[in-house]
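Here's the structure we're looking at; comments come further down.
In this note's numbering, the protein residues as written are 35 to 372.
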């Protein structure tokens, strides 16, 4: 914790008080939450920063979209459009935001929508001729104007909410007690060989209620990188000089998976909109080398002048154990509501 964050501690206390009062008003029904007669699953976190929401949403899409009509609803962070937007063939990352556009590109059999007002967004989705049977709310844990039927709370292995504090001293958007709303807590970005003893230690630290389930996942990187025309094995690409580029919250694991001692790593802010000056600087540094980026960054860069050199590395969320129990819990909830 840096000095400035320590100085701002009184503001963290005030912010925590405000969010606690807000949650109390929603819990008591004084502030209105809207429920819907379709299964609504909210995925989010207590903290700012990357906890792996995108791969978790994609896991749910793969689990559910073969059996049900699925829609995702996101805020569309840093998009240049306003209000409710339903993705179509003319959409791009500037209209939808990078993560929703990634969903739209990867899963053509689902509906992808964005709206900062989640209540309006769900209402609009349900007014479509082909209305969804399930709605996945991306990054909506604190959006309490919608009462989801099921809440999945994510927390990173190396940054557990139990070890954190309220903004601006820490990174929590609300107090740790907000975890009590979760049906499931997923500890993300774990080592793939996380021991049972360490899992039990984390269970005890998070102090979940008897009705809550906990699962542990790790980020599983693809064995190949992809461009618009080809794919190359990671084992091959690791050997050659290249540029690694990331505009995500925590890029170190991505860099570590691909880099060798000759590579240059370029880091940009999360959800960064690449300017012409950025692109010119990247191209100058790359020269004739391949540029490998994250899948989220690729959707923002694929229409740029970097495309002939540009590749991306897909990731997915993989359960260390008990995946079948997670799947069964989600499917049981959906069947109760549909």
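Idealized CB from N, CA, C, for every residue including glycine. Keep in mind that this is a model prediction, so the values were computed, not measured.
Sixteen is the threshold: since fewer than 16 other Cβ atoms of the shown chains lie within 10 Å of the Cβ of residue 55, the residue is exposed. Sixteen is the threshold: when 16 or more other Cβ atoms of the shown chains lie within 10 Å of the Cβ of residue 279, as they do, the residue is buried.
DSSP places residue 371 inside the alpha helix (DSSP H), whose first and last residues are 357-371. CA-to-CA, the gap between residue 306 and residue 325 works out to about 17 angstroms. Cα atoms of residue 146 and residue 69: separation of roughly 20 angstroms, rounded to the nearest angstrom. Secondary structure at residue 49: helix, using DSSP grouped into helix, strand and coil. As DSSP reads the structure, residue 346 sits in a beta bridge with 260, 327. Approximately 5 angstroms separates the beta-carbon atoms of residue 254 and residue 350; this is inside 8 angstroms, confirming the contact. Counting only the Cα atoms, residue 193 lies some 15 angstroms from residue 232.
Under the DSSP assignment, residue 37 falls in the alpha helix (DSSP H) whose first and last residues are 37-41. For residue 102, the three-state secondary structure derived from DSSP is coil. About 5 angstroms separates the beta carbons of residue 85 and residue 222, which is inside the 8 angstroms limit, making them a contact pair. A buried status is given to residue 132, since no fewer than 16 other beta-carbon atoms sit within 10 Å of its beta-carbon. Rounded to the nearest angstrom, the gap between the Cα atoms of residue 304 and residue 92 is 19 angstroms. Boundaries of the alpha helix (DSSP H) around residue 314: 310-320.
In its chain, beyond the 5 residues on either side, 148, 150, 173 have a beta carbon closer than 7 angstroms to the beta carbon of residue 109.
Counting only runs of 4+ residues, the alpha helix (DSSP H) found wholly inside the region 91-151 occupies 127-130, 132-140, in chain order. Counting only residues of its own chain and dropping the five nearest sequence neighbours on each side, residue 356 has a CB closer than 8 angstroms to the CB of 249.
Straight across, the Cα-Cα distance linking residue 81 with residue 53 is about 13 angstroms.
For the 8 angstroms CB-CB criterion, residue 62 and residue 77 do not form a contact.
Note on residue 358: under 16 other CB atoms within 10 angstroms of its CB, so exposed under the neighbour-count rule.
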